[in-house]
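In the numbering used here, the protein residues as written are 1334 to 1454.
Cβ atoms here follow ideal geometry from the backbone N, Cα and C, with glycine treated the same way.
Working notes, structure below.
As structure tokens, this is what we get:
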């Protein structure tokens, strides 16, 4: 409750609810899930440091994000806030120009970034 609400006695919740197109957002979640799967599958290729625990941790983080996208898409209803809360936990490998160690993953990572940005738009 804000200061003016307390002073002037207004106790109603004035938070606007922004409607979203659930079907469109579910398609977006499906695309993000597919993009995350493609990225993690590619990260498991022999040309990458698959034995490195840090690399395995990034794969696990992205796989967890894919699972959460699938769970959210399976819900009958969710809000824009639910999407935002989920979207802020998804960490692509990078944004912008790829570092040398991620250059071979640029196509897959850019797909994840595009899907995530479209979902949160």
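Taking one beta carbon from each stretch, the stretch 1357-1368 and the stretch 1394-1407 have 3 or more pairs nearer than 8 Å; the two touch. Secondary structure at residue 1436: helix, using DSSP grouped into helix, strand and coil. Excluding five sequence positions before and after residue 1375, the CB atoms of its chain that fall closer than 7 Å to its own CB belong to 1438 and 1441, given in chain order. Under the DSSP assignment, residue 1405 falls in the alpha helix (DSSP H) whose first and last residues are 1386-1407. As the crow flies, the alpha-carbon of residue 1357 is around 17 Å from that of residue 1446. A straight-line Cα-Cα distance of about 36 Å links residue 1454 and residue 1384. Closest by C-alpha distance to residue 1378, out of 1435, 1444, 1431 and 1451, is 1435. The three-state secondary structure of residue 1420, taken from DSSP, is helix. About 5 Å separates the CB atoms of residue 1373 and residue 1392; that is less than 8 Å, so the two are in contact.
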